[in-house]
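K.L.:
This is the structure I have questions about; it appears just below.
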Amino acid sequence: MAGLERPARRAVIVGGLGGLSAAAIAACAPSAPEEPAGGEEGASSAGTETLTIATTTDVVNFNPVVGNSRSDQWVTGLMYPRLLTIAGDGTKEAELATEWGYVDPTTGYYEIRGDFAWSDGTPLTAGDVAWTLNAVKRDAPSGTFYGQLAEFVQATAVSDTRVEFTMTAPNSSLVDEIGFWGCVVPRHVFEPAGSIADFANDGSGGGWVSAGPYVLTAVQAGQSYTLERVAKYPLVEGGVPVAAKVVYRVFPDVNTEILALRSGEADVIANALPPAQVEQLRGTDGLAVQEATGLGYAHMVYNMDNPDLAKTEVRQALARAADYEAIRQVALSGQAVSTGSSPLMPVLARYHDPSITEYPFDPDASRALLQRAGYTADADGMFGLSFRLIYSLQDSVTSQWAQMVKDSSAQAGIEIRLQGSERNTYLAQTNDGDYDVYAGNFAIMDDPVLNFSLSYLPGGAINYTNVDDPALNELIAQGARATDLDEKVAVFREAAKLVHEQVYDNIMYTQNLFFAHSDEWSGFISRPSELLSIINPVSVASATKSAS
Amino acid sequence: MSIAAFAARRLGRGVLTVWFAVTVTFLLLRLLPGDPALAVSSPTQTEATRALLLTQYGLDKPLVEQYLLYLAQLLQGNLGTSFTQSVPVLDVLLVRLPWTVLLTFSALVLTVLVGVPLGVLAASRRGGFLDKAVQVFGVTGQSLFVPSIGVLLLFVAGLELRWAPIGGAYSEGTYGGQWYLSVLHHLVLPCLSLTLVQLGSYVLTLRATLVDALADDYVVLARANGLSERRILWKHALRNALLPATTLIGLQLGFLVGGAVLTETVFAYPGVGRGIYEAVTQLDFPVLQGAFLMLALTVVLANTVTDLVYGWLDPRVKAS
Chain A
721 MAGLERPARR
731 AVIVGGLGGL
741 SAAAIAACAP
751 SAPEEPAGGE
761 EGASSAGTET
771 LTIATTTDVV
781 NFNPVVGNSR
791 SDQWVTGLMY
801 PRLLTIAGDG
811 TKEAELATEW
821 GYVDPTTGYY
831 EIRGDFAWSD
841 GTPLTAGDVA
851 WTLNAVKRDA
861 PSGTFYGQLA
871 EFVQATAVSD
881 TRVEFTMTAP
891 NSSLVDEIGF
901 WGCVVPRHVF
911 EPAGSIADFA
921 NDGSGGGWVS
931 AGPYVLTAVQ
941 AGQSYTLERV
951 AKYPLVEGGV
961 PVAAKVVYRV
971 FPDVNTEILA
981 LRSGEADVIA
991 NALPPAQVEQ
1001 LRGTDGLAVQ
1011 EATGLGYAHM
1021 VYNMDNPDLA
1031 KTEVRQALAR
1041 AADYEAIRQV
1051 ALSGQAVSTG
1061 SSPLMPVLAR
1071 YHDPSITEYP
1081 FDPDASRALL
1091 QRAGYTADAD
1101 GMFGLSFRLI
1111 YSLQDSVTSQ
1121 WAQMVKDSSA
1131 QAGIEIRLQG
1141 SERNTYLAQT
1151 NDGDYDVYAG
1161 NFAIMDDPVL
1171 NFSLSYLPGG
1181 AINYTNVDDP
1191 ALNELIAQGA
1201 RATDLDEKVA
1211 VFREAAKLVH
1221 EQVYDNIMYT
1231 QNLFFAHSDE
1241 WSGFISRPSE
1251 LLSIINPVSV
1261 ASATKSAS
Chain B
763 MSIAAFAARR
773 LGRGVLTVWF
783 AVTVTFLLLR
793 LLPGDPALAV
803 SSPTQTEATR
813 ALLLTQYGLD
823 KPLVEQYLLY
833 LAQLLQGNLG
843 TSFTQSVPVL
853 DVLLVRLPWT
863 VLLTFSALVL
873 TVLVGVPLGV
883 LAASRRGGFL
893 DKAVQVFGVT
903 GQSLFVPSIG
913 VLLLFVAGLE
923 LRWAPIGGAY
933 SEGTYGGQWY
943 LSVLHHLVLP
953 CLSLTLVQLG
963 SYVLTLRATL
973 VDALADDYVV
983 LARANGLSER
993 RILWKHALRN
1003 ALLPATTLIG
1013 LQLGFLVGGA
1023 VLTETVFAYP
1033 GVGRGIYEAV
1043 TQLDFPVLQG
1053 AFLMLALTVV
1063 LANTVTDLVY
1073 GWLDPRVKAS
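Line by line, the protein sequences are chains A and B.
Residues 721 to 1268, numbered by the numbering used here, are exactly what the first sequence covers, in order.
Residues 763 to 1082, numbered by the numbering used here, are exactly what the second sequence covers, in order.
Structure representation (structure tokens):
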């Protein structure tokens, strides 16, 4: 640049930097869409509107058998159908499958619809279902689906619409659980990519292929995910999704989502509302709040590796040292129901046992239990018992009630030391058993066989109590084998009674979930849990914008 | 020292700085509690699945081996594959980089465009009302925190006044010229937040050096020679006062990049900063390593350019 005068040099540098930036951004500029392909002409109910759904996280992985985040599940859920969905009482309902059950105690089957097709025109057959199941079992991807396949052996497509699979031992819940937690991916797209666990499915091979109501067409990581209506979706009235496009927009947190909803930048908030916001949004003009049944629970777990907590009386004393009703009223603004301190929550209507009642808040009873266990109170009324309670700081509700538990436990002479941590530390502590008391929650605990196995059997992935009770183990095994529903219910009620008496788990409440949307949109079909709520595929495909 | 030797020395120092940043990032990430397998998997996964994932990520190897493999990979220009997204890290970052460049560059330009006149105004009216007002503004600006100012702007300008969008980098469904306008519209609030938090220090530095410059002998001489106050201020004194301010710009780039992480998170702006936030929550080591490498390179490059520009602005530096 020796030949240039200084002002000219400056101009070159500034212009160069600006030009580079502009060129880079220009590379991001979207091209105008081409005219839609044919196939929608006959769809009288089809609209031209875009439904914008707010979420707080990016899609991490577009492969539905790998992605675990809510956004992963929501976005890929609009493309890869599940065999079964779930009703308000936790029972499974038909989605892609029309019939399901057992051929014999160790062979399950699904009969699937014959009118589903992938968006590239390839029919969706039992071959896709069988291939998906076998590939997930073979390659062990990190998603939830693989966790359901412990007793699964192999699937076979016995016809275009029927899949049968074998299992290692009789399990009366396996067909339901695989059907609900699993999804179906297009074999002709996924198989050539090699391991299903490593396939990014990021659309780089010519876009996405969907058998749901929408297909992903554009991604701006960190900002938005645009899905367009497919030509045919048999599960929605009229056979065609109503909204022409669905856009998932990423916002930093639920408060910003609420701002976006109020300003009209978003039409629906995918995340459940914080309890404190529900009433306020109910009273806001232009917004509607819809409820979805909660299928999970919040609980405290006492680590039995701690010698004091290994004593039943100590766990019983702790269970009576929390004011559950106050917690529900204060931390959850009354938007939660008692489970009767039972893992068989009222929402699981067939299983719930009303004779099991909530632990009463009774510090005097706690003290009596501790004295019976040989502990003596000091001059301050404290028994010398001190436990470290861990919780995630990202969970604002738990953070709030953990403090209440600390205060109420002190009344019973027990010291609780709170240790809130960011999520990854909390997960590591949980995994390492590095806690005395664990506080947390599960979003979906829909099936007693699975939940009891994971929570209370030795080696269970979420057996945070470290319980190994032969009587309970036998009941769980018996329940898993039972094919008669009445027998199964009776066995699990017995097991729940044992869990309750021994305080192997302290189930505190099921939270009622509320979701906000613009009142310009209607027709949502609510399903249980935050995972499905009003943004399950059928609901999204049915949502209609009123003419303004 | 010749310009080539000067540049070579700066380059050598830059490479050393980048290596140091890469090593510290590598080690710090592995000191974080938890592990990536826990962060990305279902809570119902078994220990065997977790172990399988750790092997797949290469985290089962001894730390030294992991480090050497990573360095070897870097030397081949390979940033690795994202744990969570199963795609090359470079792809993950390149999609986001233009937005961070746009945001930081805009904020930098706006800072200079607003900062220089404000600094000159304050210095030329030293002790007056305007000077005091600029100083109060400068000190206040320095004490602002990106998320606070961001949330305030979102609420006031985004929700109440509806002047700007709540988040994102552009509106869906816009194309061509409309898309560019949408990009500018979405840039307003994040750029303003980032500019506001760094403008104060820039203005105060410029004011202080300009006040000093205005007391120098050459200014007295210029006045004696009958040069206009305007010419003295803008042509002579400002030229000298710009030297420390230029250094500050270079230093501030590091701050800007850090600020961009917060700004992009608050405004859901799809840049590298927002990507870092997401990768931290998922403990996606390769993406974090790649992002920090990219940021370190940017800062080193900016500082090198600042050094060179400094020499360009002040011939005495080049001569020494």
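Note that CB positions come from ideal geometry on N, CA and C, so glycine has one too.
Predicted model only: the values in this text are computed from it and were never measured.
Note down, in chain order, each residue of its chain lying with its Cβ closer than 7 Å to the Cβ of T873 of chain B, except the 5 sequence neighbours on either side.
P.N.:
Taking the first residue of the second sequence as 1, we reach residue 873 of chain B at position 111. Excluding residues within five positions, the ones whose Cβ falls inside 7 Å are T957, Q960, L961 and Y964.
K.L.:
Compare the beta carbon distance of R907 of chain A and G847 of chain A with 8 Å and say whether it is the shorter of the two.
P.N.:
The count along the first sequence starts at 1 and reaches residue 907 of chain A at position 187. The count along the first sequence starts at 1 and reaches residue 847 of chain A at position 127. It is a contact, given that the beta carbons lie within the stated cut-off.
K.L.:
For P927 of chain B, name the three-state secondary structure that DSSP assigns.
P.N.:
Walking along the second sequence from the start, residue 927 of chain B turns up at place 165. If DSSP states are grouped into helix, strand and coil, P927 of chain B belongs with coil.
K.L.:
Report yes or no: is there a C-beta of chain A within less than 8 Å of the C-beta of D797 of chain B?
P.N.:
Mapped onto the second sequence, residue 797 of chain B falls at position 35. Yes, D797 of chain B lies at the interface with chain A (some Cβ there is under 8 Å from its Cβ).
K.L.:
G1052 of chain B and L852 of chain B - do their beta-carbons sit closer together than 8 Å?
P.N.:
Here residue 852 of chain B refers to the residue found at position 90 when the second sequence is read from its first residue. Here residue 1052 of chain B refers to the residue found at position 290 when the second sequence is read from its first residue. In contact: L852 of chain B and G1052 of chain B (Cβ atoms closer than 8 Å).
K.L.:
Answer with yes or no whether the minimum CB distance from I1182 of chain A to chain B is below 8 Å.
P.N.:
Residue mapping note: residue 1182 of chain A aligns to position 462 of the first sequence, counting from 1. It does: the Cβ of I1182 of chain A has a partner Cβ on chain B nearer than 8 Å.
K.L.:
Restricting to runs no shorter than 3 residues, where is the beta strand (DSSP E) found entirely within the region 799 to 864 of chain A?
P.N.:
You should have 804 to 806, 812 to 814, 817 to 824 and 827 to 832.
K.L.:
So what does DSSP say about A986 of chain A, is it helix, strand or coil?
P.N.:
For this step, residue 986 of chain A is matched to residue 266 along the first sequence. In the structure shown, A986 of chain A sits in coil (DSSP, three-state: anything other than H, G, I, E or B).
K.L.:
Express the C-alpha separation of T866 of chain B and T1025 of chain B in angstroms, rounding to a whole number.
P.N.:
Walking along the second sequence from the start, residue 1025 of chain B turns up at place 263. Walking along the second sequence from the start, residue 866 of chain B turns up at place 104. Each residue's alpha carbon lies about 10 Å from the other.
K.L.:
Do V956 of chain A and L771 of chain A have their beta-carbon atoms positioned less than 8 Å apart in this structure?
P.N.:
Here residue 771 of chain A corresponds to residue number 51 of the first sequence, with the count starting at 1. Here residue 956 of chain A corresponds to residue number 236 of the first sequence, with the count starting at 1. It is not a contact, given that the beta carbons lie outside the stated cut-off.
K.L.:
Determine the extent of the alpha helix (DSSP H) in which I898 of chain A is found, giving its start and end residues.
P.N.:
Position 178 of the first sequence, counted from the first residue, corresponds to residue 898 of chain A. Segment L894 to W901, the alpha helix (DSSP H) holding I898 of chain A.
K.L.:
In chain order, what residues of the region 903 to 930 of chain B put their CB closer than 8 Å to some CB of chain A?
P.N.:
Within the region 903 to 930 of chain B, the residues whose Cβ lies closer than 8 Å to some Cβ of chain A are L916, F917, G920, L921, R924, P927, I928, G929 and G930, listed in chain order.
K.L.:
To the nearest angstrom, how far is it from the Cα of S930 of chain A to the Cα of E897 of chain A?
P.N.:
Position 210 of the first sequence, counted from the start, is the residue given in the question as residue 930 of chain A. Position 177 of the first sequence, counted from the start, is the residue given in the question as residue 897 of chain A. Going by the C-alpha atoms only, they are around 23 Å apart.
K.L.:
Pull up the DSSP beta-bridge partners for F872 of chain A, would you.
P.N.:
For the purposes of this step, residue 872 of chain A is taken as the residue at position 152 of the first sequence. Per DSSP, A:M887.
K.L.:
I need the boundaries of the alpha helix (DSSP H) containing E1240 of chain A, first residue and last residue.
P.N.:
Counting from 1 along the first sequence, the entry for residue 1240 of chain A is found at position 520. Here E1240 of chain A belongs to no alpha helix (DSSP H), and DSSP marks it neither H nor E.
K.L.:
Any residues in the region 769 to 799 of chain B with a beta carbon nearer than 8 Å to a beta carbon of chain A? Which ones, in chain order?
P.N.:
Of all residues in the region 769 to 799 of chain B, L794, P795, G796, D797 and A799 have a Cβ within less than 8 Å of some Cβ in chain A.
K.L.:
Output yes or no for whether 8 Å exceeds the beta carbon distance between L1015 of chain A and V967 of chain A.
P.N.:
Here the question's residue 1015 of chain A lines up with position 295 in the first sequence. Here the question's residue 967 of chain A lines up with position 247 in the first sequence. Result no, Cβ atoms of L1015 of chain A and V967 of chain A do not sit closer than 8 Å.
K.L.:
In chain B, which residues lie with their C-beta within 8 Å of the C-beta of F872 of chain A?
P.N.:
Here residue 872 of chain A refers to the residue found at position 152 of the first sequence. Near F872 of chain A there are no residues of chain B at all, since even the closest Cβ is about 14 Å away, more than 8 Å.
K.L.:
Measure the CB-CB distance between G1033 of chain B and W861 of chain B and report whether it falls below 8 Å.
P.N.:
Along the second sequence, read from residue 1 onward, the residue named residue 1033 of chain B stands at position 271. Along the second sequence, read from residue 1 onward, the residue named residue 861 of chain B stands at position 99. Yes, these two residues count as a Cβ contact at 8 Å.
K.L.:
Who are the Cβ neighbours of S862 of chain A in its own chain at under 8 Å, not counting the five residues just before and after it?
P.N.:
What you label residue 862 of chain A is simply residue 142 of the first sequence in a count that begins at 1. If we look at S862 of chain A and ignore the five residues flanking it on each side, its Cβ neighbours are V786, N788 and A917.
K.L.:
By DSSP, does I1110 of chain A sit in helix, in strand, or in coil?
P.N.:
Looking up residue 1110 of chain A in the first sequence gives position 390. If DSSP states are grouped into helix, strand and coil, I1110 of chain A belongs with the strands.
K.L.:
Let's test the definition: count the other Cβ atoms within 10 Å of the Cβ of Q997 of chain A and tell me whether it reaches 16, buried, or not, exposed.
P.N.:
Residue mapping note: residue 997 of chain A aligns to position 277 of the first sequence, counting from 1. So Q997 of chain A ends up on the buried side.
K.L.:
Please list the partners that S862 of chain A has in chain B, where partner means a Cβ-to-Cβ separation under 8 Å.
P.N.:
One-based indexing of the first sequence puts residue 862 of chain A at position 142. Per Cβ cutoff of 8 Å: A799, V802, S803, S804, Q807, T811 and L815.
K.L.:
Quick check: the Cα distance between E819 of chain A and I832 of chain A, rounded to an integer number of angstroms?
P.N.:
By one-based count along the first sequence, residue 819 of chain A stands at place 99. By one-based count along the first sequence, residue 832 of chain A stands at place 112. If I take the Cα positions, the gap works out to 7 Å.
K.L.:
Chain A partners of R1036 of chain B, CB-CB under 7 Å?
P.N.:
In the second sequence, counting from the first residue as 1, residue 1036 of chain B sits at position 274. Here the neighbours are G942.
K.L.:
Can you pull the chain B residues whose beta carbon is under 9 Å from the beta carbon of F971 of chain A, in chain order?
P.N.:
Locating residue 971 of chain A in the first sequence gives position 251, counting from the first residue. I928, G929, G930 and A1030, listed in chain order.
K.L.:
Using CA coordinates, which residue listed in A:R790, A:M1020 and A:I1227 is at the minimum distance from L1064 of chain A?
P.N.:
On the first sequence, residue 1064 of chain A is found 344 positions in, with the first residue counted as 1. Nearest option by C-alpha distance: A:I1227.
K.L.:
Less than 8 Å between CB atoms is the rule here; does R858 of chain B satisfy it with respect to chain A?
P.N.:
Here residue 858 of chain B is taken as the residue at index 96 of the second sequence, counted from 1. R858 of chain B counts as touching chain A.
K.L.:
Under a CB-based cut-off of 8 Å, is V929 of chain A close to chain B?
P.N.:
For the purposes of this step, residue 929 of chain A is identified with residue 209 of the first sequence, where counting begins at 1. Not closer than 8 Å to any Cβ of chain B, the Cβ of V929 of chain A fails to qualify, so no.
K.L.:
What are the complete alpha helix (DSSP H) segments, minimum 4 residues, inside the region 772 to 821 of chain B?
P.N.:
You should have 798 to 802 and 809 to 819.
K.L.:
Going by Cα to Cα distance, which pick from A:M1020, A:V950 and A:L1007 is closest to A1042 of chain A?
P.N.:
Your numbering for residue 1042 of chain A matches position 322 in the first sequence. When each option's Cα is compared against that of A1042 of chain A, the closest is A:M1020.
K.L.:
K1031 of chain A: which of A:G1094, A:L1174, A:R1048 and A:P912 sits nearest, CA to CA?
P.N.:
As a working mapping, residue 1031 of chain A is identified with position 311 in the first sequence. Among A:G1094, A:L1174, A:R1048 and A:P912, the Cα nearest to that of K1031 of chain A is on A:G1094.
K.L.:
Out of B:D979, B:S990, B:G930 and B:L972, point me to the one whose CA is closest to T776 of chain A's CA.
P.N.:
Working through the first sequence from its first residue, we reach residue 776 of chain A at position 56. With distances taken between Cα atoms, T776 of chain A lies closest to B:G930.
K.L.:
Compare the C-beta of Q838 of chain B against all C-beta atoms of chain A and say whether one is closer than 8 Å.
P.N.:
Start at 1 with the first residue of the second sequence, and residue 838 of chain B comes out as number 76. Not an interface residue.
K.L.:
Since K823 of chain B is in the beta strand (DSSP E), which residue starts that stretch and which ends it?
P.N.:
For the purposes of this step, residue 823 of chain B is taken as residue 61 along the second sequence, with counting starting at 1. Per DSSP, K823 of chain B belongs to no beta strand (DSSP E) and is neither H nor E.
K.L.:
What are the residues of the region 773 to 784 of chain A that lie near chain B, defined by any Cβ-Cβ distance shorter than 8 Å?
P.N.:
Residues T777, D778, V780, N781 and N783.
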